[in-house]
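S.K.: Here it is, the structure, as structure tokens.
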Amino acid sequence: MSDARSRVLQRVREACRTARVPEATAPELVRCSLPEAQWLERFRGELEALNSRCSVVSTESALHELVHSEIAGKTVLGWDPERLPYGLSGQLDVSRSYLKGSADGEAKAAAEVGLTGVALAAAETGSIVLMPRSGEPRTASLLPLKHIAIVRADQMRADLAQCLEELQGQFGESSQVNVITGQSRSADIELSLILGMHGPAELHVIVGP
Amino acid sequence: MSEGSKQIQLFPTCLVDEIRPEAGWAVVRVLEAAGLEVSLPEGLVCCGQPAYNAGFHEDARQVLRHVLTVLDATEGWILIPSGSCADMLIHQSLELCRDDAPLLEVARRVGSRCRELSAFLDEDLGWRGQHLPRKDERVAYHPSCHLSRGLGVTESPGRLLESLRGIELVPFDEQDECCGFGGLFSVKQSDISASMMNRKLDRIEKSGAGTLVSCDLGCLVHLGGGLHRRQSGIRVCHVAEILAERLPQDEPA
Amino acid sequence: MSAFQDRVREAVQNDHLHVAIERATSALKGRRQVALDSIPDFEQVRDFGRAVKLATIARLDEHLVRFEEKLLQNGFQVHWAEDGEQARQIVLDIARRRDAKSVVKAKSMATEEIHLNAALEEAGLDVLETDLGEYIAQLAGQPPSHIILPILHMTREDVGQVLHDRLGVPLTDDPQVMAKTARETLRAKFLEADLGITGANFGVVEEGAICLVSNEGNIRLTTSLPKVHVAIMGIEKLVPTLSDLEKMLRLLARSATGQKLTAYTSLVRGPKRSPEDEGPEEVHLILLDNGRSKILAGDQAEILACIRCGACLNICPVYKQIGGHAYGDTYPGPIGSIVTPGIRGLKTTSELPQASSLCGACRDICPVRLDIPRMLLSLRRESQTEAPPSLFWRMSMRAFAFFATRPAWYRTVRPIGRFVMRRLASEGWLSSGLGPLGAWTKERDFQAPARRSFQEEWRARQKEAGR
């Protein structure tokens, strides 16, 4: 197909020479002006507007407790515990009901709760950014019906632009980067909202101290 | 051109000229009542838009060249009682003669002198009719596409109409949606055109309006034809007519 | 009557279709407005997006070479396809080499454009669409009718019926129940699929990555579970940097569905890296020309900046009358009327650019401000040579140009036309006629010309006044 390559490129090259593409100048865009003091409130508001849940906890032990209550008795598909923030690894019972990325596909698909951290979070849109890599499986935020994401307070940023700017160049080990803004949904039938179409029906983001 | 110029060149448009001359006289009455002097340049027929929209750009360019030549020989504002024809002479003419530098130059010069009636009355003259005799009427205003989207004139017609005593502007659903006229589109794609028209007329009839007003005779010929077929009692008139019919009868024109 | 006119006639008489379209488009209109109100600088972002896309296509050759280089660094296997045939062959070769049996697909207009499903099925593969709308369209044996909402033409009752007929589940009109059926059926298929096929919303040149957005999560599943991922992307879909991408994402989500961001935005950076547990072993990207370089060379190059948000469909009064299927090809609505002739050639598609009243609603709503009416007009001009209009129209336009440039002739001739029209009219109105008048008077009357034209009356009065 190298022939196809050179023919396509040749045609594009010739077209570019004579193309009548209208000219337009890109304006200077203003950066997101959301003050840091409002980030948390905005983040939570955005998630709630998306039918997702956001809890802000002020102590590590409260966070541990909340995570426990969310996963108790459930099969969990999660990050390797030592990768989770706030010393959760010491708190989790990593017995047979805690699956890691290396688990079998069918088993992972049957997990009830996905437990992950995040790379960064964007207040303006209520988004979380995940960079799946070894020990941080991409399916944890996708296969189970419920996704619990732990955000460290210092991972909050004003907007997605800021998140991407900071993470750019650090994607190295991740073959996929996911920006998640609310849980899985569809509006294909008369635009009526369906949650949990293919991915989680519930998203609970817990912001720690 | 000088600010104080009272000379107005009227481009009557072919539809006003042939189908509804009353609208042309209404324009003249309104302008003269405002103290302006109206001239009619010799040799105007059409702006060329029908051919342009149908893809016959060579034919359209010939017509445009003729119109531009006639208008370029005049002075003062060129007043056009149609959003569509005004958009043709102000914007689309530039695209049509983009590869003909000398003609493009003329098109720019003439285009910069062209004004659509409602925008001119409202923005340039600050025309208001609150002193005119009261006449109660429920009016549905149809914003024609070339006026509102092409020329960006969205507020002027409403301001003119609302300044008249007794006029109640009634809104209707999807008011700014196209009525389906589209020039030759109305006959080349008559099924789609008629379907759009019927959707529009249903909504206008539902609004309870007794009068349908627009700044474009194209839309009105189309919508009026639909209303006539429906044997509807809704009266159809050009914006100039509804303004002029409130002027004292002895006003010149 | 042409096939297009047949489809149009059927569609304009289909009240059921209008109900479905009305329900969807009116809901979308409200959502979009809410989303727009939430960003103060939307207009500037639009200008930015337009400038970035136009600048990229103006130097598309350089960007493509650079993009390929970066993709290869990330481990992508890059393929080039001049047309649909080559693209289909590439996919079939990959499937054969991997001994693939089942394929899951995430919504992709490019694969619709090249009729990939039929080719895969013919080769004996089990192909399943996984986007809810596409899945239902597939079950119903219909093509999508909208680029974002594939079954916009169906009411919930229609969907319930399709699921009942094809899957044997109880009849329901509850979208939640329908979705659950689809989720469960499709989840099983995801787990066993050998090949995942997607399109791409953007190619990010400097990142050597493709960006895919979805609300449902089916794209994430398609790009994560099967061992092989094949993406097919039109060569025009590039943006230079991650920062540019972020602006485009904002435009896309707000314009397409009235969201601030789509639920899932995935940057696919190639096959799984060695320490990763998950992800496909192979990721292929097929760069598809299929007429795009020809479009770039022509007068409608601007259309290549389209980000396929579907906003112009939702606002288009013509689309609202005839729905997506009447356009007869993959891309319906205003953009379709430009893209389809570009891809397939004007000879068979010259009616599409005619199917517009040129109202400009599309230009107003387009997030990258594409001048769609200008391009439609330009295509109408090109149709003169590619698909010449009838002799009647050619003669009419010649006559129009002749008389409109010769006022004296016009003044002489027009009383004849006027006389005829007035004779045929009853009380000043015509309600039937031949040719264009017949088309006009099918559903509306035509007001006969005035006894005396405005200009004639004007000259007469001037004479009277002795001026």
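Sequence order for the protein chains is A, B and C. Okay, so the first sequence: first residue is 366 according to this note's numbering, each after it adds one. Okay, so the second sequence: first residue is 719 according to this note's numbering, each after it adds one. Okay, so the third sequence: first residue is 1060 according to this note's numbering, each after it adds one. The C-beta atom is built at its ideal place from N, Cα and C for all residues, glycine as well.
1. Under DSSP, the alpha helix (DSSP H) around S866 of chain B begins and ends at which residues?
2. Taking only beta-carbon positions, decide if T1321 of chain C is within less than 7 angstroms of chain B.
3. Across the stretch 1431-1441 of chain C and the stretch 757-774 of chain B, are there enough close Cβ pairs to call them in contact, namely three or more that are closer than 8 angstroms?
4. Give me the Cβ distance between V483 of chain A and I493 of chain A, rounded to the nearest whole Å; I'm assuming they're in contact under 8 angstroms.
5. For S1061 of chain C, does the three-state DSSP call read helix, strand or coil?
6. Using 10 angstroms around the beta-carbon of S1283 of chain C, count the other beta-carbons present and answer buried if the total reaches 16, otherwise exposed.
7. What does E1144 of chain C reach in chain A if we use C-beta pairs closer than 9 angstroms?
8. Ends of the alpha helix (DSSP H) at D1303 of chain C?
9. Could you list which residues in chain C have their beta carbon closer than 8 angstroms to that of G900 of chain B, in chain order?
10. Of all the alpha helix (DSSP H) runs that stay within the bounds of the stretch 396-482 of chain A, which reach a length of 4 or more residues?
11. Report the rounded CA-to-CA distance for D891 of chain B versus I922 of chain B, giving the unit in angstroms.
12. Mind checking L938 of chain B: buried by the 16 CB within 10 Å criterion, or exposed?
13. Along the stretch 1125-1142 of chain C, what residues have a CB closer than 9 angstroms to any CB found in chain B?
14. Should P851 of chain B be labelled buried (16 or more other beta-carbon atoms within 10 Å of its own) or exposed?
15. Would you list the one or two residues that DSSP bridges to E855 of chain B?
16. Would you say the stretch 1176-1190 of chain C touches the stretch 1234-1251 of chain C, given that touching needs at least three Cβ pairs under 8 angstroms?
17. So the beta strand (DSSP E) N543 of chain A belongs to, where does it begin and stop?
18. Compute the distance between the beta-carbons of R1225 of chain C and L1208 of chain C, then report whether it is under 7 angstroms.
19. Please state the DSSP three-state secondary structure of I1098 of chain C.
20. Helix, strand or coil: which one does DSSP assign to S1415 of chain C?
21. Per DSSP, D1185 of chain C forms a beta bridge with which residues?
22. Please report the Cβ distance between P1391 of chain C and P1400 of chain C, rounded to the nearest whole angstrom; I am assuming they are in contact, meaning their Cβ atoms lie under 8 angstroms.
23. Determine whether the Cβ of C980 of chain B lies closer than 7 angstroms to any Cβ atom of chain C.
24. Just the chain C side, please: which residues come within less than 7 angstroms of A380 of chain A by C-beta, in chain order?
25. Cβ closer than 8 angstroms: which chain C residues qualify as neighbours of S908 of chain B?
26. How would you list, in chain order, the residues of chain A whose beta-carbon sits under 8 angstroms from the beta-carbon of I1210 of chain C?
27. What residues match up with Q520 of chain A in a beta bridge as DSSP calls it?
28. At 9 angstroms on the CB atoms, spell out the chain B contacts of E1445 of chain C, in chain order.
29. Quick one: which chain C residues come within Cβ less than 9 angstroms of Q780 of chain B?
30. Between which residues of its own chain and L843 of chain B is the CB-CB distance below 6 angstroms, once the five residues before and five after are set aside?
31. List, in order along the chain, the chain C residues whose C-beta lies closer than 8 angstroms to that of D777 of chain B?
32. Report the residue from C:M1213, C:G1200 and C:R1118 whose alpha carbon sits nearest the alpha carbon of V1078 of chain C.
33. If you measure between the beta carbons of G1276 of chain C and S549 of chain A, is that distance less than 7 angstroms?
34. Name, going along the chain, the residues of the stretch 1306-1333 of chain C whose beta-carbon falls closer than 9 angstroms to a beta-carbon of chain A.
35. Could you name the residues of the stretch 928-939 of chain B whose beta carbon sits closer than 7 angstroms to any beta carbon of chain C, in the order they occur along the chain?
36. Nearest CA to the CA of Q848 of chain B: which residue from B:L965, B:S908 and B:R867?
M.R.: On the basis of the data shown:
1. Along the second sequence, read from residue 1 onward, the residue named residue 866 of chain B stands at position 148. That residue, S866 of chain B, is in no alpha helix (DSSP H); it is neither H nor E in DSSP.
2. Counting from 1 along the third sequence, the entry for residue 1321 of chain C is found at position 262. Judged by the 7 angstroms Cβ criterion, T1321 of chain C is not in contact with chain B.
3. yes
4. Walking along the first sequence from the start, residue 483 of chain A turns up at place 118. Walking along the first sequence from the start, residue 493 of chain A turns up at place 128. Between I493 of chain A and V483 of chain A the Cβ distance is about 4 angstroms, and since that is below 8 angstroms, they are a contact.
5. Taking the first residue of the third sequence as position 1, residue 1061 of chain C is located at position 2. In this structure, S1061 of chain C counts as coil in the three-state DSSP scheme.
6. As a first step, residue 1283 of chain C is located in the third sequence; it is residue number 224 there, counting from the start. It is buried - the Cβ of S1283 of chain C has at least 16 other Cβ atoms within 10 Å.
7. Along the third sequence, one-based indexing puts residue 1144 of chain C at 85. The premise fails here: E1144 of chain C is roughly 11 angstroms from chain A at the closest Cβ pair, so nothing lies under 9 angstroms.
8. Within the third sequence, residue 1303 of chain C is the residue found at index 244, counting from 1. L1301 to T1316 is the span of the alpha helix (DSSP H), which, as asked, contains D1303 of chain C.
9. As a first step, residue 900 of chain B is located in the second sequence; it is residue number 182 there, counting from the start. Those within 8 angstroms of G900 of chain B in chain C are S1415, S1416, L1417 and C1418.
10. 401-414, 425-436 and 470-475
11. Translated into the one-based positions of the second sequence, residue 891 of chain B becomes position 173. Translated into the one-based positions of the second sequence, residue 922 of chain B becomes position 204. If you take the alpha carbons of D891 of chain B and I922 of chain B, they lie about 8 angstroms apart.
12. As a working note, residue 938 of chain B is residue 220 in the second sequence. The residue in question, L938 of chain B, is buried, as its Cβ has 16 or more Cβ neighbours within 10 Å.
13. none
14. The sequence position of residue 851 of chain B within the second sequence is 133, counting from 1. Exposed is the call here.
15. Within the second sequence, numbered from 1, the residue matching residue 855 of chain B stands at position 137. E855 of chain B is bridged to B:I885.
16. yes
17. Position 178 of the first sequence holds residue 543 of chain A. Run containing N543 of chain A: Q541 to I545, per the beta strand (DSSP E) assignment.
18. Position 166 of the third sequence, counting from 1, holds the residue named residue 1225 of chain C. Position 149 of the third sequence, counting from 1, holds the residue named residue 1208 of chain C. No, the pair does not count as a contact, with Cβ atoms beyond the cut-off.
19. Position 39 of the third sequence, counted from the first residue, corresponds to residue 1098 of chain C. I1098 of chain C falls in the coil class under three-state DSSP.
20. Along the third sequence, read from residue 1 onward, the residue named residue 1415 of chain C stands at position 356. Note: S1415 of chain C maps to coil in three-state DSSP.
21. Within the third sequence, residue 1185 of chain C is the residue found at index 126, counting from 1. BP columns for D1185 of chain C point to C:S1161.
22. On the third sequence, position 332 is the one that residue 1391 of chain C refers to. On the third sequence, position 341 is the one that residue 1400 of chain C refers to. Not confirmed; about 13 angstroms, so no contact.
23. Here chain B comprises residues numbered 719 to 971, so residue 980 of chain B is not present and cannot be evaluated.
24. Taking the first sequence and counting its residues from 1, the one referred to as residue 380 of chain A is at position 15. Going along chain C in sequence order, the residues near A380 of chain A (Cβ under 7 angstroms) are S1352, L1355 and A1356.
25. Locating residue 908 of chain B in the second sequence gives position 190, counting from the first residue. A1498, W1499, K1501 and E1502, listed in chain order.
26. Position 151 of the third sequence, counted from the first residue, corresponds to residue 1210 of chain C. D553 and I554, listed in chain order.
27. In the first sequence, residue 520 of chain A corresponds to position 155, counting from 1. Partner(s): none; Q520 of chain A has no beta bridge.
28. Here residue 1445 of chain C refers to the residue found at position 386 when the third sequence is read from its first residue. Result: empty, since nearest Cβ-Cβ is about 10 angstroms, beyond 9 angstroms.
29. Stepping through the second sequence from its first residue, residue 780 of chain B is reached at position 62. Per Cβ cutoff of 9 angstroms: A1460, F1461, A1463 and T1464.
30. In the second sequence, counting from the first residue as 1, residue 843 of chain B sits at position 125. These residues qualify, in order along the chain: A752.
31. Against the second sequence, residue 777 of chain B aligns to sequence position 59. Within 8 angstroms Cβ-Cβ: M1456, R1457, F1459 and A1460.
32. Against the third sequence, residue 1078 of chain C aligns to sequence position 19. Considering only alpha carbons, the answer is C:M1213.
33. For this step, residue 1276 of chain C is matched to residue 217 along the third sequence. For this step, residue 549 of chain A is matched to residue 184 along the first sequence. Result yes, Cβ atoms of G1276 of chain C and S549 of chain A sit closer than 7 angstroms.
34. K1306, L1308, R1309, A1312, T1316, Q1318, K1319, L1320, T1321, A1322, Y1323, T1324, S1325, L1326, V1327, R1328, G1329, P1330, K1331, R1332 and S1333
35. V939
36. Residue 848 of chain B sits at position 130 when you count from the first residue of the second sequence. The shortest Cα separation from Q848 of chain B among B:L965, B:S908 and B:R867 belongs to B:L965.
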